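One structure below.
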Amino acid sequence: MSHTMRAAGPSAGASAEGSPLKRRRPRRTPRALPPPTAAMLLSGALLLQQASVLAEQGDTGSLLARMDAEFAAQLQSLFDWENGTNRLPPNESHIKEGSSRGVGLVVGTLNLPSGLPSKLMQDRAKLAKDMLAGENITKVIVSGSDQIGKDRTEASKIAEILVEHGVAKEAVIQEVQSTTTAEAIWYALKWVPRDTGKLYIITSDFEMPRTEYIFREVMDHFYEKVEASFPSPEYPSYPRLELVPAPVRSFCGSDGSLAQDVDPEANATSRSLSRRAIDELRQLGSRETDKSLYGPPQSSEQLVWTEQINVKRNPANAANFAAAMEEAMHNVGAFCACKAPPEGQGPELDYPLGPPKKEEAKPVAVSVPADDSPKAAAIQRTSAHHVLMRSLPSSHEHPLAGARRGWRRSPRGGLLNVGHAAAAPASMMEAARSDDDAPAARTFAHDPAKDEDDDLDDDD
0 MSHTMRAAGP SAGASAEGSP LKRRRPRRTP RALPPPTAAM LLSGALLLQQ ASVLAEQGDT
60 GSLLARMDAE FAAQLQSLFD WENGTNRLPP NESHIKEGSS RGVGLVVGTL NLPSGLPSKL
120 MQDRAKLAKD MLAGENITKV IVSGSDQIGK DRTEASKIAE ILVEHGVAKE AVIQEVQSTT
180 TAEAIWYALK WVPRDTGKLY IITSDFEMPR TEYIFREVMD HFYEKVEASF PSPEYPSYPR
240 LELVPAPVRS FCGSDGSLAQ DVDPEANATS RSLSRRAIDE LRQLGSRETD KSLYGPPQSS
300 EQLVWTEQIN VKRNPANAAN FAAAMEEAMH NVGAFCACKA PPEGQGPELD YPLGPPKKEE
360 AKPVAVSVPA DDSPKAAAIQ RTSAHHVLMR SLPSSHEHPL AGARRGWRRS PRGGLLNVGH
420 AAAAPASMME AARSDDDAPA ARTFAHDPAK DEDDDLDDDD
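At position 127 of the sequence shown (counting the first as 1) the number is 126 in numbering that gives the first Met the number 0, and the numbers step up by one without a gap.
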């Protein structure tokens, strides 16, 4: 019989009154468990497995109590919406602009070649512990992956140091994905606690200018990207997180024989504090940092995976860069006599770094062609800050000679492509003007006609 005939005639399943046939419900496809439930079952299975192992070993005295405590902790982590991961929508973000509540971010640093924590790492952990004991922060994010293949991340090492010195595990959040300074802040945003208004940057003093600059550029890129993804008249701008530098004092030693500044293959932990401060300035001033933030094709490096951060689009970049350059130059001058690595070996000198002297910046006279050519753009980026390199004492000659390999010289002797031509501290400008033997480039008056032979690269 056909299906049509069955439908037209009376049905054996129908009632005498002709009530319609009850349809069989379609078979439902089993649905996947929600993530919290699946995770909870997985946690329970792991705990049961652990329990069976303990029972075989005869450890049954505190077995149930331990299982209860661990299972409760798993449940709390699954349903603790108050302290869970940060959310992207502006109305759900854990960032609360203007809040005094803070979190610390300890920027990871290389371990020693032996795998042991360096003094820089230990000093950063100590400052984080001291800050947790105060009123500034209630939690600290420690960052860093396993950079040297020792099966221990930088974050876990820092966390271990903190816990060993009495910090509660609950106060330490490990961020283990980052391989660069830029990724440290990018991935740390996921773990910002609720109602946080301030993020304290905990890193070494000589690294602070470039680190803060990178953090500000990455954060501004983050704000722009999220605001474009969540347009809302109710939330015209994403809540801003205040960045607060918390520099860690570095050991300043005088024994230069301990440093390996000339060997390009040497571990960074073996370089002198003087050289490391110069390297920080070089990376900033040469715009190597900016190009690496963007990644290919401007640089072979990509400081944040999948993100091409174009600092030229950031209206605050000029101010961010000028402030970072001023701090970095101040560091180079202050750490000039620190010829030993900052690892606490050899005679120690008095700590030389004080707050930078605030001087009124004087404008730099730059003659630029009236067009948008690559040469015009390159001249605009040529920095007045290389005056510092000529004003340093003679004791800087050796480490600077090694660091200058990454700097470009024009035929007239000026260092090129080291930053903006926006402003320079007044004392350095006066030093440049008072040196009668200085090349023409040091007066910062560029004649484009004389620059035809200069190798001025443009990163557009």
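Ideal placement from N, C-alpha and C gives every residue a C-beta, glycine not left out.
Here the structure is a predicted model, which is why all the values come from computation and not from measurement.
CA-to-CA distance, residue j to residue i, given in whole angstroms
i: residue 90; j: residue 323; result: 32 angstroms
i: residue 263; j: residue 203; result: 22 angstroms
i: residue 108; j: residue 153; result: 7 angstroms
i: residue 371; j: residue 311; result: Unreliable placement is indicated for residue 371, whose pLDDT of 47 sits below 50; no coordinate value is reported for it.
i: residue 337; j: residue 234; result: 49 angstroms
i: residue 174; j: residue 182; result: 10 angstroms
i: residue 142; j: residue 158; result: 9 angstroms
i: residue 120; j: residue 247; result: 10 angstroms
i: residue 316; j: residue 216; result: 7 angstroms
i: residue 271; j: residue 226; result: 43 angstroms
i: residue 277; j: residue 331; result: 6 angstroms
i: residue 238; j: residue 321; result: 25 angstroms
i: residue 498; j: residue 186; result: The structure shown does not extend to residue 498, since the chain is modelled only from 0 to 459, so the question has no answer here.
i: residue 85; j: residue 95; result: 11 angstroms
i: residue 189; j: residue 256; result: 43 angstroms
i: residue 123; j: residue 250; result: 12 angstroms
i: residue 293; j: residue 210; result: 16 angstroms
i: residue 334; j: residue 340; result: 11 angstroms
i: residue 422; j: residue 326; result: Reliability of the predicted coordinates at residue 422 is poor, the pLDDT of 38 falling under 50, and no value is obtained from them.
i: residue 197; j: residue 307; result: 26 angstroms
i: residue 353; j: residue 200; result: 18 angstroms
i: residue 273; j: residue 110; result: 20 angstroms
i: residue 351; j: residue 244; result: 18 angstroms
i: residue 117; j: residue 319; result: 30 angstroms
Limits of the beta strand (DSSP E) - the one that residue i falls within
i: residue 169; result: That residue, residue 169, is in no beta strand (DSSP E); it is neither H nor E in DSSP.
i: residue 342; result: From DSSP, residue 342 is part of no beta strand (DSSP E); its letter is neither H nor E.
i: residue 137; result: 136 to 142
i: residue 200; result: 197 to 203
Endpoints, alpha helix (DSSP H) assigned at residue i
i: residue 234; result: Note, residue 234: premise wrong, no alpha helix (DSSP H); not H, not E.
i: residue 290; result: 287 to 293
i: residue 182; result: 180 to 187
i: residue 208; result: 207 to 228
i: residue 332; result: 316 to 333
i: residue 119; result: 118 to 132
Residue of the options minimising C-alpha distance to residue i
i: residue 259; options: 252, 215 and 268; result: 268
i: residue 92; options: 192, 110 and 297; result: 192
i: residue 132; options: 290, 276, 295 and 166; result: 166
i: residue 329; options: 205, 144, 242 and 306; result: 205
i: residue 303; options: 290, 314 and 198; result: 290
i: residue 98; options: 242, 114 and 230; result: 242
i: residue 114; options: 103, 146 and 350; result: 146
i: residue 177; options: 156, 198, 162 and 144; result: 144
i: residue 106; options: 151, 164, 179 and 195; result: 179
i: residue 102; options: 288, 160, 117 and 195; result: 195
Check: Any contact of the stretch 213 to 231 with the stretch 341 to 348, i.e. 3+ C-beta pairs under 8 angstroms?
Finding: Short answer: they don't touch.
Note to self: For the structure I just gave you, are there three or more beta carbon pairs, one from the stretch 132 to 142 and one from the stretch 153 to 173, closer than 8 angstroms?
What the structure shows: yes
Next item on the list: Could you tell me whether the stretch 121 to 133 touches the stretch 272 to 281, where touching means 3 or more Cβ pairs closer than 8 angstroms?
Entry: no
Next item on the list: Enumerate, from N- to C-terminal direction, the unbroken alpha helix (DSSP H) stretches of 4 or more residues contained entirely within the stretch 259 to 290.
Entry: 272 to 284
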